[in-house]
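In the working numbering, the protein residues as written are 22 to 186.
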């Protein structure tokens, strides 16, 4: 069955809600950024939940446009935080301690807490790395030469994203 609202109404509602969300983020001060929020990674500071929303938007834009053969712009200002968030999710694939660098991001998992820090520009195609971790492509190919333990964990994450519920 279809939806009751016409395409242009759905588009306009989406555009309006995106503006409201952007204004909400832009108008937030330091006291807001540390407040608790929830996202699929669990209870996190508000800024991390906002980052997850950005990650989802970036990945799902590609989900919608790539199968249609459309070119999706890849901006380093966007891929850097999206990739850092994707790498931080290794803690959900395996709880064993980890200290490694992958794609320009240093990831540490210790005592159940994951931290990431940019170490410089990623070598390789960051969009392909994000796509692979999101279940669209080979993690082993996209992360060739990276720490095998991280590749294995990110591969498990890709399988999770690629599995039907």
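Glycine residues also receive a C-beta, built at the ideal position from the N, C-alpha and C atoms.
Subject >> Cα-Cα separation between residue 102 and residue 91, rounded to whole angstroms >> reply: 23 angstroms
Original post:
Tell me which same chain residues have a C-beta within less than 7 angstroms of the C-beta of residue 118, skipping the five on either side of it?
Top reply: 130 and 131
Original post:
DSSP on residue 176, reduced to helix/strand/coil?
Top reply: helix
**OP:** Using 10 angstroms around the beta-carbon of residue 56, count the other beta-carbons present and answer buried if the total reaches 16, otherwise exposed.
**Re:** exposed
**OP:** Can you give me the Cβ contacts of residue 142 inside the same chain, cut-off strictly under 7 angstroms, excluding the 5 residues immediately before and after it?
**Re:** 125
Original post:
Based on Cα-Cα distance, which residue from 115, 82 and 51 lies nearest to residue 99?
Top reply: 82
**OP:** Just mark residue 51 as buried or exposed, buried being the case when its beta carbon has 16 or more other beta carbons within 10 Å.
**Re:** exposed
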